[in-house]
Amino acid sequence: MEKSKVYFTDFRTIAFGDGLPTKLKKLIKAAGIEQIDMDGKFVAIKLHFGELGNISYLRPNYAKAVADVVKELGGKPFLTDCNTLYPGSRKNALEHLECAWENGFTPLSVGCPILIGDGLKGTDDIEVTVVGGEYVEKAKIGRAIMDADVFISLTHFKGHEMTGFGGAIKNIGMGCGSRAGKKEQHSDGKPHIETDLCRGCRKCQKECANGGLIFDKETKKMSVDESNCVGCGRCLGACNYDAILFENNAAVAELNYRMAEYTKAVVDGRPQFHISLVVDVSPNCDCHGENDAPILPNLGMFASFDPLALDQACVDACLAASPLPNCQLADNMAKDDFVDHHDHFTNSRPESEWRSCLEHAEKIGLGSREYELVTIKQK
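In our numbering, the protein residues as written are 47 to 425.
Okay, here's the thing in structure tokens:
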């Protein structure tokens, strides 16, 4: 496979020169975003709005820079993300939008609308066939994301407690999955009901097409009939009280495989472009309600038409960088029993693993791990 081009610029600026949002605009134009016909097209810009309490997510200024370029090209951009599987501040569209607004993402600040891709309760999805998929036959993707004519990912590249790092593939594959889609990636298991939280409203039962939920008229509580439950996750979105839970029990490698296949479902056969910013490299995902000190320095902005090459270029840059002091990675390396894996992400979270994701992504034809790095220098 031919090497993919990945374009790069650092975070340095000069006095009275371009600010970082302008540098980002110049980067994505140099990378060829203008080759995409956006005239009159709906353009989904997928990013993570950050959990409340976390402040390492990308600043809205970067999102506005991308939206501005899309509008220059005649496109109709909107920022989007899908609801979370876990209880938190982004599990339904109302809370998700309030979280985005509180974190600074508003139509005024980013210059375009904000849509939650899988609807009010995370159930508005569409099944998309994964061509060449080995673990997922049909991915459950937020409908608004698949309705868009053009897809752009804008990723905060950082560490992750399971997948080693969260890059473009995670932002797309996990991020674009509906609540049921996220459940499918994390687990093949079945739900359980927290009876203390169950209100007996029976809304979940109306969503179950398989007789997997049983209502006890005496206790007025719901329970799971595991013989009929197929683990589809539809009940998750129906419960307003966080009474239905799935365990995140998929092995990391299998999670990585499914995440790569979900990414392929999102991007296959459509105009696409991908951007990753290696900045504020926190050791954990932006889904956390907090963020620890960054483990690596701010390395730069990367852009490519190939999400796999983009992830590979970002991780290579990170592995070549020196760890920062007073962070989780430095603390681990200072321990008496430290075992050096020669990998900053594994050294930071030894239970994590990322290589299987990139290997599987290449195997199913998502992109190439071979890339040519093109540096855009500030003038």
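Cβ atoms here follow ideal geometry from the backbone N, Cα and C, with glycine treated the same way.
Only a predicted model underlies this, so the values are computations on that prediction, with no experimental measurement involved.
Please name the residue, chosen from the options, that lies closest to residue i on a Cα-to-Cα basis.
| i | options | result |
| --- | --- | --- |
| Gly120 | Cys281, Ser102 and Ile82 | Ile82 |
| Lys87 | Lys122, Ile60 and Ile79 | Lys122 |
| Arg304 | Ile60, Trp400, Met379 and Gly78 | Trp400 |
| Ala299 | Gly205, Cys247 and Glu405 | Glu405 |
| Asp362 | Lys204, Phe319 and Asp383 | Lys204 |
| Cys333 | His202, Phe57 and Glu118 | His202 |
| Phe351 | Gln318, Val270, Leu365 and Cys373 | Gln318 |
| Gly335 | Pro133, Asp357, Glu48 and Glu253 | Pro133 |
| Phe292 | Gly96, Ser402, Gly227 and Lys184 | Gly227 |
| Cys158 | Tyr108, Cys250 and Ala185 | Tyr108 |
| Ala339 | Gln374, Ala297 and Gly165 | Gln374 |
| Ser447 | Lys266, Gln424 and Gly257 | Within the shown structure, residues of the chain are numbered from 47 to 425, placing residue 447 beyond reach of any answer. |
| Pro396 | Ile91, Cys403, Glu80 and Asn378 | Asn378 |
| Val116 | Asp314, Ile91 and Arg280 | Ile91 |
| Gly188 | Gly96, Asp56 and Ile172 | Ile172 |
| Gly96 | Leu259, Ile260, Leu200 and Glu48 | Leu200 |
Cα separation between residue i and residue j?
| i | j | result |
| --- | --- | --- |
| Asn337 | Pro106 | 18 Å |
| Pro353 | Ala311 | 13 Å |
| Lys51 | Ala376 | 33 Å |
| Glu144 | Leu161 | 12 Å |
| Ala76 | Ile422 | 8 Å |
| His387 | Asn393 | 6 Å |
| Ile410 | Glu264 | 51 Å |
| Glu207 | Cys331 | 7 Å |
| Arg248 | Met268 | 7 Å |
| Asp262 | Lys137 | 27 Å |
| Asp170 | Leu125 | 17 Å |
| Glu408 | Leu66 | 32 Å |
| Leu412 | Gly213 | 14 Å |
| Ala9 | Cys254 | Because the chain in this structure spans residues 47 to 425, residue 9 falls outside the shown range and cannot be described. |
| Leu154 | Lys266 | 46 Å |
| Ala306 | Ile218 | 9 Å |
| Asn372 | Ser402 | 30 Å |
| Ile290 | Cys275 | 13 Å |
| Leu140 | Lys216 | 23 Å |
| Phe384 | Phe391 | 14 Å |
| Ser414 | Gly246 | 50 Å |
| Gly165 | His142 | 10 Å |
| Ala297 | Asp64 | 45 Å |
| Leu370 | Gly315 | 41 Å |
| Glu118 | Met84 | 9 Å |
| Lys381 | Lys49 | 40 Å |
| His232 | Val156 | 32 Å |
Please say whether residue j and residue i have beta carbons closer to each other than 9 Å?
| i | j | result |
| --- | --- | --- |
| Glu230 | Val174 | no |
| Met220 | Tyr308 | yes |
| Cys222 | Cys128 | yes |
| Ser368 | Gly210 | no |
| Ala284 | Lys236 | no |
| Leu93 | Ser135 | no |
| Leu356 | Asp389 | no |
| Val270 | Ile198 | no |
| Gly179 | Ala185 | yes |
| Phe349 | Ile101 | Per the sequence presented here, residue 349 reads as Ala, with Phe not at that position. No, Cβ-Cβ distance for Ala349 and Ile101 is not below 9 Å. |
Contact defined as beta carbons within less than 8 Å: I believe residue i pairs with residue j. What is the distance between those atoms, to the nearest angstrom?
| i | j | result |
| --- | --- | --- |
| Val420 | Phe62 | Going by Cβ atoms, the distance from Val420 to Phe62 rounds to 26 Å, so no, they are not a contact pair. |
| Arg225 | Leu131 | 6 Å |
| Ala359 | Tyr417 | 5 Å |
| Gly168 | Ala190 | Not really, about 12 Å apart at Cβ, beyond 8 Å. |
| Cys461 | Cys250 | The question about residue 461 has no answer here: the residues shown for the chain are numbered 47 through 425. |
| Gln424 | Ile60 | 7 Å |
Margin query: Under 8 Å: do the stretch 98 to 114 and the stretch 62 to 73 share three or more Cβ pairs, one atom per stretch?
Written below: yes
Checklist line | Segment contact, 8 Å Cβ cut-off, at least three pairs: the stretch 185 to 197 with the stretch 327 to 335 | finding: no
Notebook entry, point to check: Would you say the stretch 239 to 250 touches the stretch 136 to 150, given that touching needs at least three Cβ pairs under 8 Å?
Noted result: no
Notebook entry, point to check: Would the stretch 342 to 358 and the stretch 313 to 324 be scored as touching if the rule is three or more Cβ pairs under 8 Å?
Noted result: yes
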